[in-house]
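Student: Numbering (the UniProt record's numbering), first residue to last: 1 to 460. Take a look at this one; I'll ask things after.
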């Protein structure tokens with residue numbers, strides 16, 4: 001924190017009192033809004049902070065912790081007595097949040113006086129925010145079910161307990177498989193899927209095509225492609241255009257996800273590949289805009305659940321199921337509303353399968369690098385693109401970062417995977433969605449692939 005030119009003890013005490021005033025102000029407002037009688041308010045919190053400051057000053061003066069311990073015990077005793085009295089006056093009272101906040105205020109004030117203002121003030125702000133955002137926090141918690149909570153705990157265990165236990169070194173003779181790096185990248189992929197999951201949960205089951213495509217493609221653009229194509233085939237022709245637009249948006253998100261992974265692992269590859277990624281994104285976005293914004297007459301009004309749980313280009317996407325819904329005749333422009341229900345991305349099963357796939361690709365890449373010409377990695381990338389883009393992207397980024405593969409060869413392998421994967425998704429959409437879907441997607445697909453090939457030829 002910036003110094004104000006005051007003597008340090010005065011500044012410490014001022015910070016302590018400010019902490020009490022901040023938390024006390026929030027509690028005073030809560031007290032007035034809830035019409036609470038006898039609850040601790042602004043003055044009580046300032047006094048609690050003052051007690052903590054005095055206890056800390058005495059502790060510093062005699063170089064003994066006991067004055068501060070005595071103050072904390074005394075404040076805790078007073079707070080408990082206040083709680084007992086308040087419950088006797090109003091038996092409906094069940095929480096002790098205000099009382100706990102008072103004890104925390106005393107401790108934070110003491111922390112500030114003991115020379116840790118830089119830690120005490122942010123903690124006080126966090127405490128006040130937690131108190132003020134009571135209702136929004138409860139709404140967030142209610143939005144998650146028990147399975148979500150258990151899954152989140154699994155992800156936290158994987159991140160903060162399992163990950164530190166893994167060896168951060170390669171364990172094979174080809175220097176290809178590093179368990180720590182593999183698991184870290186699995187967590188990164190799962191986090192991208194989490195963004196899509198939260199978006200769908202936050203905006204409900206009837207969002208627009210744009211929200212569905214973006215949120216779903218963060219999990220798996222292949223699953224989005226199949227879901228929307230099957231939905232378009234299941235209802236009348238008015239659903240085909242918005243579904244095709246959503247599919248193209250999903251493909252654009254795939255290219256954006258590649259960019260995010262490259263930034264996270266090896267940004268040097270992004271410097272090489274950004275024209276290629278842009279060539280994949282812009283034609284797809286232009287085609288999506290044309291399909292979604294151009295009036296078509298009547299809007300679709302049917303709905304059909306679809307989805308196959310397929311892991312397309314997103315490694316942590318095996319658990320995705322999608323439901324496409326076209327509705328809202330009031331729109332009058334065919335911009336059917338589509339939504340996707342994305343399964344819990346905290347499940348470790350898909351993540352472990354992704355780790356296995358990525359390990360196979362990395363091992364195959366190492367073998368190709370050692371026993372074949374460097375260009376063989378491009379073939380590995382093309383084969384990987386039949387099922388997945390994320391794994392080969394991460395693998396090539398890792399190997400080029402470790403100088404186990406040439407930067408241009410790694411970039412070419414990623415390009416091959418992206419192009420093959422785009423072609424595969426077009427084939428899936430054409431097969432599942434019918435001739436009209438194939439015809440609508442063909443121009444943007446052809447331009448994207450040709451532009452990406454041209455950009456790769458000029459850049460690499």
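We treat Cβ as the ideally placed atom computed from N, Cα and C, and that holds for glycine. These numbers were taken from a predicted model, which means no experiment stands behind them.
1. For residue 39, collect the residues of the same chain with a Cβ closer than 7 Å to its Cβ; drop the 5 residues on either side in sequence, then sort them by chain order.
2. I'd like the ranges of any beta strand (DSSP E) spanning at least 3 consecutive residues and lying wholly in the segment 398 to 424.
3. I want to know whether the segment 39 to 49 touches the segment 20 to 27 - three or more CB-CB distances under 8 Å.
4. Determine the direct distance from the alpha carbon of residue 130 to that of residue 144, and round the result to whole angstroms.
5. Going along the chain, which residues of its own chain have a beta-carbon closer than 8 Å to the beta-carbon of residue 285, five neighbours each way excluded?
6. Can you tell which of 399, 415, 65, 60 has the C-alpha that lies nearest to the C-alpha of residue 448?
7. Rounded to whole angstroms, what is the Cα-Cα separation between residue 377 and residue 446?
8. Is it the case that the segment 168 to 178 contacts the segment 52 to 69, given that we only count it when at least three CB pairs across the two stretches are under 8 Å?
9. Can you have a look at residue 392 and say buried or exposed, based on whether 16 or more other CB atoms are within 10 angstroms of its CB?
10. Taking its Cβ as the centre, do 16 or more other Cβ atoms sit within 10 Å of residue 261, making it buried, or is it exposed?
11. Distance check for residue 52 and residue 15, CA to CA, integer angstroms please.
12. For residue 433 versus residue 243, is the C-beta spacing smaller than 8 Å?
13. To the nearest angstrom, how far is it from the Cα of residue 114 to the Cα of residue 56?
14. With DSSP as the reference, label residue 144 as helix, strand or coil.
15. Please give the ranges of any alpha helix (DSSP H) in the UniProt domain "MgtC/SapB/SrpB/YhiD N-terminal" (15 to 139), keeping only runs that are unbroken, at least 4 residues long and fully inside the region.
16. Mind checking residue 34: buried by the 16 CB within 10 Å criterion, or exposed?
17. Residue range of the alpha helix (DSSP H) that residue 257 falls in?
18. Below 7 Å, is the gap between the Cβ of residue 44 and the nearest heavy atom of the ligand NAD?
19. In whole angstroms, what separates the C-alpha of residue 498 from that of residue 109?
20. With DSSP run on the structure shown, which of helix, strand or coil describes residue 166?
21. Starting from residue 384 and walking both ways along the alpha helix (DSSP H), at which residues does that stretch end?
22. According to DSSP, simplified to helix, strand and coil, what is residue 446?
23. Between the Cα of residue 254 and those of 245, 277, 272, 241, spot the shortest distance and give me the residue it belongs to.
24. Check each candidate in 29, 17, 425 and name the one with the smallest Cα separation from residue 229.
25. For residue 434, name the three-state secondary structure that DSSP assigns.
26. How long is the line joining the alpha carbons of residue 314 and residue 88, rounded to whole angstroms?
27. Thinking C-beta only, is residue 444 closer than 8 Å to residue 283?
28. Would residue 357 be called buried (16 or more neighbouring beta carbons within 10 Å of its own) or exposed?
29. Residues in the same chain with beta-carbon distance under 8 Å from residue 181, minus the five sequence neighbours each way, listed in chain order, please.
30. Between the C-alpha atoms of residue 156 and residue 178, what's the straight-line distance to the nearest angstrom?
Tutor: Taking the coordinates as given:
1. 31, 86, 98, listed in sequence order.
2. none
3. yes
4. 19 Å
5. 248, 249, 252
6. 415
7. 25 Å
8. no
9. buried
10. buried
11. 12 Å
12. Result yes, Cβ atoms of residue 433 and residue 243 sit closer than 8 Å.
13. Rounded to whole angstroms, the gap between the alpha carbons of residue 114 and residue 56 is 6 Å.
14. coil
15. Runs of the alpha helix (DSSP H) spanning 4 or more residues and lying entirely within the UniProt domain "MgtC/SapB/SrpB/YhiD N-terminal" (15 to 139) occur at 42 to 62, 66 to 89, 97 to 113, 117 to 132, in chain order.
16. The residue is exposed, with fewer than 16 neighbouring Cβ atoms inside 10 Å.
17. Its alpha helix (DSSP H) spans residues 240 to 265.
18. Annotation note on the ligand NAD: not contained in the displayed structure, which lists no ligands.
19. Past the boundaries of the shown model lies residue 498; the chain is included only from 1 to 460, so the question cannot be answered.
20. coil
21. 376 to 384
22. The three-state secondary structure of residue 446, taken from DSSP, is helix.
23. 277
24. Comparing alpha-carbon positions, the option among 29, 17, 425 lying closest to residue 229 turns out to be 425.
25. coil
26. Because the pLDDT of residue 314 is 49, which lies under 50, any placement of that residue in the model is unreliable, and the question is left without a value.
27. yes
28. buried
29. Closer than 8 Å at the Cβ level, and outside the excluded window around residue 181, lie 168, 398.
30. When only Cα atoms are considered, residue 156 and residue 178 end up about 21 Å apart.
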